[in-house]
Amino acid sequence: MSGFMILMGPCFSCGLVFGYNPDKVPSYDGQAICEPCIEQVNTKRKATGLPLWPVHADAYEPQEV
Ligand SMILES: [Zn+2]
Numbered sequence: 010m011s012g013f014m015i016l017m018g019p020c021f022s023c024g025l026v027f028g029y030n031p032d033k034v035p036s037y038d039g040q041a042i043c044e045p046c047i048e049q050v051n052t053k054r055k056a057t058g059l060p061l062w063p064v065h066a067d068a069y070e071p072q073e074v
């Protein structure tokens, strides 16, 4: 059996419930972080010269199982 799986859960940072790929999504303390939040984090990190948080291209896409 095959199909697509996506997990729904609240963002660690803003609390918004969003869908994500549990294997690829950036997370903190086991809780996923949504795309706008991770972009905001990376914008700040870039401005302060810190390495960017890696975000997989499929992080917010359904996972093929
Ligand atoms: Zn968020």
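For the sequence shown, the positions run 10 to 74 when our numbering is used.
The C-beta atom is built at its ideal place from N, Cα and C for all residues, glycine as well.
Predicted model only: the values in this text are computed from it and were never measured.
Ligand 1 has a heavy atom closer than 8 Å to the beta-carbon of P45. Annotation for L16 indicates a beta carbon at 8 Å or more from all heavy atoms of ligand 1. Within 8 Å of the C-beta of S36 there is not a single heavy atom belonging to ligand 1.
When the five nearest sequence neighbours on each side are left out, the beta carbons in the same chain lying within less than 8 Å of the beta carbon of D38 are those of F21, in order along the chain. Contact check between the segment 13-20 and the segment 61-68: fewer than three CB pairs, one atom from each, fall below 8 Å, which does not count as touching.
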